[in-house]
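Student:
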Amino acid sequence: VNLADDLALALAAKDIRIEAPIPGKPYVGIEVPNRTVATVSFREVIEKQPMHPGKILEVPLGKSVTGEVITANLTKMPHLLIAGSTGSGKSVMINVIITSILMRARPDEVKLMLIDPKMVELSVYNDIPHLLLPVVTNPKKAANALNKAVSEMEDRYQRFEAAGVRDIDEYNELVRENNTDKNKPMMDEMPFMVIVIDELADLMMAAGNEVETAIVRLAQKARAAGVHLIIATQRPSVDVITGLIKANIPSRIAFAVSSGIDSRTILDANGAEKLLGRGDMMFSPVGLSKPIRIQGAYISGRDVQKIIDFVKEQQTADYDQDLIAHVNDVTEDDHQQEHDEHFQEAVEYVIQEKKASTSMIQRRFRIGYNRAALIIEDMEQVGVVGPSEGSKGRKVLWGLANYQQYFGLNNPEAPNSDEYLS
Numbered sequence: 001v002n003l004a005d006d007l008a009l010a011l012a013a014k015d016i017r018i019e020a021p022i023p024g025k026p027y028v029g030i031e032v033p034n035r036t037v038a039t040v041s042f043r044e045v046i047e048k049q050p051m052h053p054g055k056i057l058e059v060p061l062g063k064s065v066t067g068e069v070i071t072a073n074l075t076k077m078p079h080l081l082i083a084g085s086t087g088s089g090k091s092v093m094i095n096v097i098i099t100s101i102l103m104r105a106r107p108d109e110v111k112l113m114l115i116d117p118k119m120v121e122l123s124v125y126n127d128i129p130h131l132l133l134p135v136v137t138n139p140k141k142a143a144n145a146l147n148k149a150v151s152e153m154e155d156r157y158q159r160f161e162a163a164g165v166r167d168i169d170e171y172n173e174l175v176r177e178n179n180t181d182k183n184k185p186m187m188d189e190m191p192f193m194v195i196v197i198d199e200l201a202d203l204m205m206a207a208g209n210e211v212e213t214a215i216v217r218l219a220q221k222a223r224a225a226g227v228h229l230i231i232a233t234q235r236p237s238v239d240v241i242t243g244l245i246k247a248n249i250p251s252r253i254a255f256a257v258s259s260g261i262d263s264r265t266i267l268d269a270n271g272a273e274k275l276l277g278r279g280d281m282m283f284s285p286v287g288l289s290k291p292i293r294i295q296g297a298y299i300s301g302r303d304v305q306k307i308i309d310f311v312k313e314q315q316t317a318d319y320d321q322d323l324i325a326h327v328n329d330v331t332e333d334d335h336q337q338e339h340d341e342h343f344q345e346a347v348e349y350v351i352q353e354k355k356a357s358t359s360m361i362q363r364r365f366r367i368g369y370n371r372a373a374l375i376i377e378d379m380e381q382v383g384v385v386g387p388s389e390g391s392k393g394r395k396v397l398w399g400l401a402n403y404q405q406y407f408g409l410n411n412p413e414a415p416n417s418d419e420y421l422s
């Protein structure tokens, strides 16, 4: 393996990859890339993929070294992480996955939630009937959308419990059995939900904690509820692909990256730094010990637009208006939504005591130092207390009137203020 550079020199090859051993065989493999990269067209792979009504989320990825068409079933994955440097083919792969879903699934079978902080990659899909809401481009709105997806997942599990089933397939089977009269269905089938995030790094910078928590919750539990994540990033560093995200998304695709460290972050192995770019990728599905090398399928922007136009002609978009209202509501009681659950009581307490410190909050609410320090920092940001003065307690700047105004307690229905500050 250490002789890879010497072998590449002897073979006059751009970059060689050594596979030692080849899985299931007593051989060592040396992959030598062709001088010219052959393009694998989307049409080539989609035509060779058999149509199966039970596999609407099976998508073609490209061709292996032996020319075999490689497909991936999102229901088995159940989530996918795509990473690679700029121009390596991530956005083309996302287009391949989305368009193959559009070609195989009806809007009542699969719903899409597209999050695109880059604003240009996925906006072409606006107004297709499969969308739950228009493509989300604002990072704060994206955090709201992901939180709503978590709520949808929890709601689905409650429905499964009530129906006495374990997953979406059993639930839909039960619905079909109960709907004997097709003209008057008693229950609606539950559609699969695919959430696509193109550029996770941008979201993590703008709303990191909220986004990470939502992604991890979905990745841990959403498979049985029929909710699947596809996440792409061009910065495969540990502050973007955190340990929690990585542990819960077992299926990964690595396009060409700049270093072995980036390759190990994505695949837990070297190899992606030797890829050629332009769709050359390593696919590591759940259950396989070693990644497979694939030349990814290519679909042009014109073909994507033709498929989108065709889908739009069949049916108009039917957005979820409640979901749109929730996602757009980024200012809604921002101060009350983001603060700690003890924040209001803590503000009341420091106004009453006329002094504030982290240790006071710790003792009063029996919470840890970090949490108490965050509450004090939030108070400083809002203007309840002044800046830190070393070992002295902070100055309390608010009075009863500020407290009532901020928490909306001076309306007629609010309880008597004396009850709050007694």
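Numbering (full-length UniProt numbering), first residue to last: 1 to 422. Just so you know, even glycine gets a beta-carbon here, dropped at the ideal spot from N, CA and C. Keep in mind that this is a model prediction, so the values were computed, not measured.
#1: State buried or exposed for Ile241, treating a residue as buried only when at least 16 other CB atoms are found within 10 Å of its CB.
#2: Does DSSP put Gln336 in a helix, a strand or coil?
#3: Helix, strand or coil: which one does DSSP assign to Lys141?
#4: State the Cα-Cα distance for the pair Leu397 and Leu244, rounded to the nearest angstrom.
#5: Give the DSSP-derived three-state secondary structure of Arg363 in the structure shown.
#6: Unbroken alpha helix (DSSP H) runs of length 4 or more, entirely within the region 365-401: which are they?
#7: For Tyr349, I'd like the list of residues in its chain whose CB is within less than 7 Å of its CB, leaving aside the five on either flank, ordered along the chain.
#8: Following the continuous beta strand (DSSP E) through Asn73, name the residue where it begins and the one where it ends.
#9: Is Ala162 a contact residue of the ligand SAH, with contact defined as CB to any heavy atom under 7 Å?
#10: Note the first and the last residue of the continuous alpha helix (DSSP H) segment covering Leu81.
#11: Comparing alpha-carbon positions, which option in Gly84, Gln158, Ser151 and Glu389 lies nearest Arg278?
#12: State the Cα-Cα distance for the pair Ala297 and Leu3, rounded to the nearest angstrom.
#13: Could you tell me if residue 428 is buried or exposed, where buried requires 16 or more neighbouring beta carbons within 10 angstroms of its beta carbon?
#14: Mark Leu288 as exposed unless 16 or more other C-beta atoms lie within 10 angstroms of its C-beta, in which case mark it buried.
#15: To the nearest angstrom, report how far apart Lys246 and Met281 are at their CA atoms.
#16: Using a 10 Å radius around the Cβ and a threshold of 16 neighbouring Cβ atoms, would you call Asp334 buried or exposed?
#17: My assumption, with CB atoms under 8 Å, is that Ile266 sits in contact with Arg252. Please give the rounded CB distance.
#18: Short check: CB of Tyr171 to CB of Val165, under 8 Å?
#19: To the nearest angstrom, how far is it from the Cα of Lys14 to the Cα of Val175?
#20: With three or more C-beta pairs closer than 8 Å as the rule, is the region 352-363 touching the region 308-324?
#21: Need the endpoints of the beta strand (DSSP E) that Gly29 sits in, please.
#22: From Asn402 to Ile367, what distance separates their C-alpha atoms?
#23: What's the call for Ala12, buried or exposed, on a 16-neighbour Cβ count within 10 Å?
#24: Grouping DSSP H, G and I as helix and E and B as strand, with all else coil, what is Gly208?
#25: Given a cut-off of 8 Å, decide if Ser64 and Ile376 are closer than it, judged by their beta-carbon atoms.
#26: For the alpha helix (DSSP H) that Val311 lies in, which residues bound it at each end?
#27: Would you call the region 136-152 and the region 211-229 in contact, with 3 or more CB pairs under 8 Å?
#28: Can you check whether the CB of Met153 is closer than 8 Å to the CB of Val59?
Tutor: Walking through what the data contain:
#1: If you number the sequence shown from 1, residue 241 lands on position 241. Classification for Ile241: buried.
#2: Mapped onto the sequence shown, residue 336 falls at position 336. Residue confidence is low: Gln336 scores 47 on pLDDT, short of 50, so the model does not pin down where it sits. Its coordinate-derived value is still stated next. Helix.
#3: Locating residue 141 in the sequence shown gives position 141, where the first residue counts as 1. Three-state DSSP puts Lys141 in a helix.
#4: Start at 1 with the first residue of the sequence shown, and residue 397 comes out as number 397. Start at 1 with the first residue of the sequence shown, and residue 244 comes out as number 244. Those two C-alpha atoms are separated by around 40 Å.
#5: Translated into positions along the sequence shown, residue 363 becomes position 363. Correct three-state label for Arg363: helix.
#6: 369-382
#7: The count along the sequence shown starts at 1 and reaches residue 349 at position 349. Excluding positions up to five away in sequence, the list reads Arg364.
#8: Here residue 73 corresponds to residue number 73 of the sequence shown, with the count starting at 1. Asn73 -> beta strand (DSSP E) spans Val69 to Asn73.
#9: By its list of ligands, the structure shown contains no ligand whatsoever, and the ligand SAH lies outside what it can speak to.
#10: On the sequence shown, residue 81 is found 81 positions in, with the first residue counted as 1. Premise fails: Leu81 lies in the beta strand (DSSP E), Leu80 to Ala83, not in any alpha helix (DSSP H).
#11: Residue 278 sits at position 278 when you count from the first residue of the sequence shown. With distances taken between Cα atoms, Arg278 lies closest to Gly84.
#12: Position 297 of the sequence shown, counted from the start, is the residue given in the question as residue 297. Position 3 of the sequence shown, counted from the start, is the residue given in the question as residue 3. Cα-Cα distance, rounded: 32 Å.
#13: Past the boundaries of the shown model lies residue 428; the chain is included only from 1 to 422, so the question cannot be answered.
#14: Position 288 of the sequence shown, counting from 1, holds the residue named residue 288. By the neighbour-count rule (16 or more Cβ atoms within 10 Å), Leu288 is not buried but exposed.
#15: On the sequence shown, residue 246 is found 246 positions in, with the first residue counted as 1. On the sequence shown, residue 281 is found 281 positions in, with the first residue counted as 1. Roughly 18 Å separates the two Cα atoms.
#16: Numbered from 1 along the sequence shown, position 334 holds the residue referred to as residue 334. With a pLDDT of 46 at Asp334, under the threshold of 50, the predicted position of this residue should be treated as unreliable, and no value is reported.
#17: Residue 266 sits at position 266 when you count from the first residue of the sequence shown. Residue 252 sits at position 252 when you count from the first residue of the sequence shown. Between Arg252 and Ile266 the Cβ distance is about 6 Å, and since that is below 8 Å, they are a contact.
#18: Within the sequence shown, the letter at position 171 stands for residue 171. Within the sequence shown, the letter at position 165 stands for residue 165. Against a cut-off of 8 Å, the Cβ pair of Val165 and Tyr171 comes out as a contact.
#19: Here the question's residue 14 lines up with position 14 in the sequence shown. Here the question's residue 175 lines up with position 175 in the sequence shown. Roughly 56 Å separates the two Cα atoms.
#20: no
#21: Mapped onto the sequence shown, residue 29 falls at position 29. Counting along the chain, the beta strand (DSSP E) containing Gly29 begins and ends at Gly29 to Glu31.
#22: Locating residue 402 in the sequence shown gives position 402, where the first residue counts as 1. Locating residue 367 in the sequence shown gives position 367, where the first residue counts as 1. Taking the straight line joining both Cα atoms gives about 26 Å.
#23: Counted from its first residue, the sequence shown places residue 12 at position 12. Label assigned to Ala12: exposed.
#24: For the purposes of this step, residue 208 is taken as the residue at position 208 of the sequence shown. Correct three-state label for Gly208: helix.
#25: By 1-based counting over the sequence shown, the position of residue 376 is 376. By 1-based counting over the sequence shown, the position of residue 64 is 64. Cβ distance not < 8 Å, so Ile376 and Ser64 don't count as in contact.
#26: Counted from its first residue, the sequence shown places residue 311 at position 311. Val311 -> alpha helix (DSSP H) spans Gly301 to Gln314.
#27: yes
#28: If you number the sequence shown from 1, residue 59 lands on position 59. If you number the sequence shown from 1, residue 153 lands on position 153. No, the pair does not count as a contact, with Cβ atoms beyond the cut-off.
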